[in-house]
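J.: In this text, residue positions in the sequence shown follow the numbering used here: the first is 85, and each later residue adds one.
Idealized CB from N, CA, C, for every residue including glycine.
Okay, handing you the structure first.
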Amino acid sequence: MRALRIAAFALVLAGPALAQDVAGHLAAGDAARCRRNAEEALTHFRAALEVDSLNYDANWKASQALVDMGKQLPNNQGARRDSLYAEGLALAHRAVRVNGNGADGHYMVAVATGRAALTKGARERVRFAGVVREEALRATELNPRHDGALHVLGRWNAEIQRLPGITKFFAKTFLGASVFNQASWDNAVNYFSQAIEIAPNNIYHHLDLGEALVDADRKSDAIPHLRHVAELALACDPMDATYQQQAATLLQKVSR
85 MRALRIAAFA
95 LVLAGPALAQ
105 DVAGHLAAGD
115 AARCRRNAEE
125 ALTHFRAALE
135 VDSLNYDANW
145 KASQALVDMG
155 KQLPNNQGAR
165 RDSLYAEGLA
175 LAHRAVRVNG
185 NGADGHYMVA
195 VATGRAALTK
205 GARERVRFAG
215 VVREEALRAT
225 ELNPRHDGAL
235 HVLGRWNAEI
245 QRLPGITKFF
255 AKTFLGASVF
265 NQASWDNAVN
275 YFSQAIEIAP
285 NNIYHHLDLG
295 EALVDADRKS
305 DAIPHLRHVA
315 ELALACDPMD
325 ATYQQQAATL
335 LQKVSR
C-alpha cells in the first residue's frame with residue numbers, strides 16, 4: 085500500500101513535466117509542418133502520443149501529418165499510401181472519442197475518410213461520401229470559421245458534380261445516396277469562397293475554387309484565382325508547391 089501511495093505521489097509530481105513535454109513535442113511538430121516536412125512533424129506528434137496517447141491535439145495533428153505524407157506518394161506506392169490514410173483515420177477517430185466537441189478532430193475524420201475512399205469500390209465510396217459530408221458539417225457547426233472544413237464541403241459538392249450522370253443515377257437509385265441531390269456547383273463555389281474569406285492566403289482554397297469554376301463553365305471567373313495562386317507564399321501544406329504547378333497548368337489551358 086505504501087508503495088502505491090509513493091507511486092501515485094510521483095505521478096502527481098510528474099504531471100506538469102509530462103504536460104510540458106507533450107506541449108514541446110506539439111510545438112516542434114507544428115514548426116516542422118510549417119517547414120513542409122510531414123515526416124518530421126509526425127515524429128514529434130508520435131512522441132507526444134507516447135507520453136499521452138489520449139491527447140486530443142496530438143491525435144488529430146498526427147492524423148494530419150499521416151495524410152500529408154500519403155498525399156505526396158505516387159500511385160506506384162499505393163499500398164504504403166493506403167496504410168498511411170488508414171492510420172490517419174484511426175487517429176482522427178480517436179481524437180473525436182477524446183473530444184467530441186473539437187472541430188479539428190471531425191475535420192480530420194472527414195479528410196482521412198475522403199482520402200481512404202479513393203481506394204474503395206463504388207458502393208463504399210458512396211457510403212464514405214456521406215461520412216465526409218457529415219463530419220465536415222459537424223466541424224463547421226462547432227467552428228463556423230473552420231476554413232478547412234468549409235473547403236471539404238466545397239470539394240464534396242464539386243466531386244459529386246464531376247461524377248458521370250450514370251454513376252450518380254446508380255448511387256441514388258440503388259445505393260440510397262439521396263444526399264447527392266444536394267450537391268451543386270453553386271454550393272461548391274460558395275463553400276470555397278467562404279474558406280478564402282477566412283484564409284485568403286491559402287493556395288489550396290484558390291486552386292480548388294478555380295478548378296470548380298472551370299468545370300462549372302465559368303472560366304473567366306476562375307482566371308483571377310488561378311493567377312493569384314502564383315503570387316501566394318508557400319505555407320504549411322507540403323503540397324503547396326505542387327498546387328502552384330497545377331494552378332499554372334490549368335491557367336495556361338483556360339487562357340488559350
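Would you kindly check if the distance between the Cβ of residue 296 and the Cβ of residue 332 is under 7 Å?
T.: No, these two residues do not count as a Cβ contact at 7 Å.
J.: Quick check: residue 132 and residue 139, are their CB atoms within less than 7 Å of each other?
T.: Yes, these two residues count as a Cβ contact at 7 Å.
J.: Relative to the C-alpha of residue 268, which residue among 175, 197, 245 and 288 is closest?
T.: Comparing Cα-Cα distances from residue 268 to each of 175, 197, 245 and 288, the minimum goes to 245.
J.: Mind checking residue 147: buried by the 16 CB within 10 Å criterion, or exposed?
T.: So residue 147 counts as buried.
J.: In chain order, which beta strand (DSSP E) runs of at least 3 residues are fully inside the segment 243 to 316?
T.: The segment 243 to 316 contains no whole beta strand (DSSP E) run of 3 or more residues.
J.: Please report how far the alpha carbon of residue 179 lies from the alpha carbon of residue 189, in whole angstroms.
T.: Approximately 5 Å between the Cα atoms of the pair.
J.: Starting from residue 161, follow the alpha helix (DSSP H) in both directions and report where the run begins and ends.
T.: Looking at the DSSP string, residue 161 is not in any alpha helix (DSSP H), and its letter there is neither H nor E.
J.: For residue 93, is the classification buried or exposed, using 16 other Cβ atoms within 10 angstroms of its Cβ as the cut-off for buried?
T.: Reliability of the predicted coordinates at residue 93 is poor, the pLDDT of 46 falling under 50, and no value is obtained from them.
J.: Which of the three DSSP states, helix, strand or coil, is assigned to residue 224?
T.: In the structure shown, residue 224 sits in a helix (DSSP, three-state: H, G or I).
J.: Using a threshold of 7 Å, state whether the C-beta atoms of residue 153 and residue 173 are closer than that.
T.: Not closer than 7 Å, so no.
J.: Thinking residue 310 and residue 294 are a contact (beta carbons under 8 Å), I'd like their distance in whole angstroms, please.
T.: The Cβ separation is near 4 Å, so the contact holds.
J.: Rounding to the nearest angstrom, what Cα-Cα distance links residue 335 and residue 175 in this structure?
T.: Between residue 335 and residue 175, the C-alpha separation is close to 37 Å.
J.: Would you tell me roughly how many angstroms separate the C-alpha atoms of residue 202 and residue 209, rounded to the nearest one?
T.: Going from the Cα of residue 202 to the Cα of residue 209 covers about 7 Å.
J.: Mind checking residue 322: buried by the 16 CB within 10 Å criterion, or exposed?
T.: Buried.
J.: Please state whether DSSP places residue 143 in a helix, a strand or coil.
T.: In the structure shown, residue 143 sits in a helix (DSSP, three-state: H, G or I).
J.: Provide the residue span of the alpha helix (DSSP H) that contains residue 136, from first to last.
T.: Where residue 136 is concerned, there is no enclosing alpha helix (DSSP H), given that its DSSP letter is neither H nor E.
J.: Could you check the C-alpha separation between residue 130 and residue 151 for me, to the nearest Å?
T.: Cα to Cα, the separation comes out at about 14 Å.
J.: Distance, Cα to Cα, residue 211 vs residue 162?
T.: In a straight line, the C-alpha of residue 211 is about 21 Å away from that of residue 162.
J.: State the DSSP-derived secondary structure class of residue 39, mapped to helix, strand or coil.
T.: Residue 39 lies beyond the stretch modelled for the chain, which goes from 85 to 340, so this question has no answer here.
J.: For residue 279, which option in 265, 298, 266 and 230 has the closest C-alpha, if you only look at C-alpha atoms?
T.: Closest by alpha carbon: 230.
J.: Grab the span of the alpha helix (DSSP H) containing residue 321 for me, first residue to last.
T.: That residue, residue 321, is in no alpha helix (DSSP H); it is neither H nor E in DSSP.
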